[in-house]
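Report on one structure; see the data block that follows.
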Amino acid sequence: MEVDEFNIPRFLAVLPLFSDLSPLELSRAAQGCQVLRLARGDVIFRFGEPCEEFHVVISGQVKLFAISPAGHEKVIELVGPGQSFAEALMFTGKAYILNAEALSSTLLLKVSKRAIVAEIERDPRFSMKMLAGISRRLHGLVHDIESGALHSGMQRVIGYLLRDNEVQDCASREVITVSLPVTKATIASRLSLTPEYFSKVLRELEEEKLIEIDKRDIRIIDAPRLARYGVH
-17 MEVDEFNIPR FLAVLPLFSD LSPLELSRAA QGCQVLRLAR GDVIFRFGEP CEEFHVVISG
43 QVKLFAISPA GHEKVIELVG PGQSFAEALM FTGKAYILNA EALSSTLLLK VSKRAIVAEI
103 ERDPRFSMKM LAGISRRLHG LVHDIESGAL HSGMQRVIGY LLRDNEVQDC ASREVITVSL
163 PVTKATIASR LSLTPEYFSK VLRELEEEKL IEIDKRDIRI IDAPRLARYG VH
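Counting from 1, position 133 in the sequence shown corresponds to residue 115 in our numbering; the numbering is continuous, with no gaps.
So, in C-alpha cells, the structure goes:
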C-alpha cells in the first residue's frame, strides 16, 4: 500500500479513541495526521526529544525501550497494529522518556498534539475518551509490573504464551499455535529475563510435552496443564 493512498479518516473511525466522531470531525482530525513507512531498525523518537504527537501502529511492530547508564537495553513495551503510544506524555509538555524503534517493516500514523487539542476545544467530551484510553494503558502497564515483581520467570513466560487465550475455554489437548512476533531476545527483555533463561524455560516446557517449538511458532499442546505448570 502506498502511503499517499492510505485512508486516514477510515482508519481513525475504527480506533476506540475516534470511533464516535462524525465524518466531518474525522476529516478534520485526519488533517493533523501523517502516515510514515518505516523499515526495520528505523528510530521513531529518542529519549530527550520533544514530544509533540502520539503514534498509532497501522501494521508492523514497534519497540519502546530504555537504555541504562551502562548501555543495556530494557524493552518496556511491544506495540502492535491498532495500538497507540505516547498519548499521555504528549499533554505534559515534556520530552520523550523512552526510545521507540520499528522492529519490522511498519506503517505508522503520527497524530499531532495540535489536532487533538483543537478537537478537545471543539468538544470537551473528546477529552474523556482520551483519558479512558490513557487509563487502559496505565492499567496494562501496572499489571505488567505486578507480574514481573510477583511471578517467577517460568510463570512470566507461561503468561506470555497464554496471553491471548482464555484457558478455561480451551479443551484439554487442543493445540494452540503462538507465533512469536519478534526475536526471543526482545521478548526476554520485555519479560525482564535473560535470553538464555527464556530459552531454557522453553526447552523445559518442550521436554514436559507442554509445547512444541518450530522456529518462531510455538504449539501449545495442553493449555490448561500449561497454565498450572510452574504454580507452586
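Glycine is no exception: its CB is placed at the ideal position from the N, C-alpha and C atoms.
Is it right to say L113 is buried, meaning 16 or more other beta carbons lie within 10 angstroms of its own, or is it exposed? exposed
Give the DSSP-derived three-state secondary structure of K92 in the structure shown. strand
Are the Cβ atoms of T74 and L20 separated by less than 7 Å? no
By alpha-carbon positions, which one of A84, P32, S109 and F180 ends up nearest to L46? A84
Any chance the CB of S94 is under 6 Å from a heavy atom of the ligand NAD? As far as ligands go, the structure on display features none, and thus does not contain the ligand NAD.
Burial state of A209 (16 or more Cβ within 10 Å): buried
Three-state secondary structure (DSSP) of E178: helix
Is the beta carbon of R201 less than 7 Å from the beta carbon of T159? yes
At what residues does the beta strand (DSSP E) containing R201 begin and finish? D199 to I202
Spatially closest choice to I203 from T168, I140 and S181, by CA coordinates: I140
Given a cut-off of 7 Å, decide if I195 and E186 are closer than it, judged by their beta-carbon atoms. no
Helix or strand or just coil, what does DSSP make of K56? strand
Does the Cβ of L(-1) have 16 or more other Cβ atoms within 10 Å, making it buried, or fewer, making it exposed? buried
Endpoints, the beta strand (DSSP E) within which R19 is located: C15 to L20
Round the Cβ separation of A97 and A(-5) to the nearest angstrom and send it over; I've been treating them as touching at under 8 Å. Incorrect: roughly 15 Å between the Cβ atoms, too far for contact.
Would V38 and V61 qualify as a contact pair, given that the criterion is a beta-carbon distance under 7 Å? no
Could you pull out every residue in the same chain whose Cβ sits closer than 7 Å to the Cβ of S1, ignoring the five residues on either side in sequence? A(-5)
Going by the CB atoms, is the gap between K92 and Q13 shorter than 7 Å? no
Comparing C-alpha positions only, which one of C33, V157 and F(-7) sits nearest to A82? C33
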